[in-house]
Amino acid sequence: MSIPQLDDDLVAHLKMSYASYRYTSDIEAKGAFFSPSCYQICRPNPSFAARNRDTIVRYLHKYAPKNSATVTETPKKATKREFYTIRPLRDAEYEFGTDEQVAPAGFDSAGEVRSKAIREGWVGMRVDLWDDELESKSDQEKTLLVKVQYWWRKENNTWTQIFHDIMYMGPRDGTEGINGEILE
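The numbering used here numbers the first residue of the sequence shown as 260 and each following residue consecutively.
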């Protein structure tokens, strides 16, 4: 079997689906974008692995930024802007890390994940996410850059997120924005 290819219409659809997911503020509603059997691996921190949607939603609840303003307070003016790029994966990127990285998500090997992906027709998009601090250049150098390969599978005639591969979580490294149109 060969690697599934994305046509322009599917790329546009997945970009719109990702934007809808990204701008959904209710965490429970975000879960609707994931297959019930959605997996997650985190190459830099394997303890963030997940074997299902419920675990990913629990992580989102635990680690999502909290708004510190009370009901009677006016929220503080935003001090940062959030950006991202999204593009289809290249053939060479149709990979899933190492056996050690996929084991916490319940797989015996990265090859097993790749075989499953090909068999089930998974398609992937590369997303880089980062913040731009509005305060100072030194603050910008401290902001977080996250590089993720999101994978979708068609379920009941709907493209649904099936696998999150968090490849990098760390300080901005100068590569943010080089993978396509910068979106906010």
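All residues carry an ideal CB built from backbone N, CA and C; glycine is no exception.
- Residue 265 carries a coil assignment under DSSP once its states are collapsed to helix, strand and coil.
- Take residue 303, set aside five residues on each side of it, and the residues of its chain with a beta-carbon closer than 6 angstroms to its own are 428, in chain order.
- Per DSSP, the unbroken beta strand (DSSP E) holding residue 387 starts and ends at 382 to 392.
- Nearest to residue 340 by alpha-carbon distance, out of 409, 403, 439, 274, is 403.
- When C-alpha distances from residue 358 are compared across 319, 305, 378, the shortest belongs to 305.
- Within the model, the alpha-carbon separation for residue 312 versus residue 425 is close to 15 angstroms.
- Residue 434 carries a coil assignment under DSSP once its states are collapsed to helix, strand and coil.
- If you look at residue 314, you'll find it in the alpha helix (DSSP H) that goes 312 to 322.
- Secondary structure note for residue 378: its alpha helix (DSSP H) is the uninterrupted segment 369 to 379.
- Taking the Cβ atoms as the reference, residue 383 lies roughly 15 angstroms from residue 343, outside the contact range of under 8 angstroms.
- At the C-beta level, residue 300 and residue 361 come within 8 angstroms of one another.
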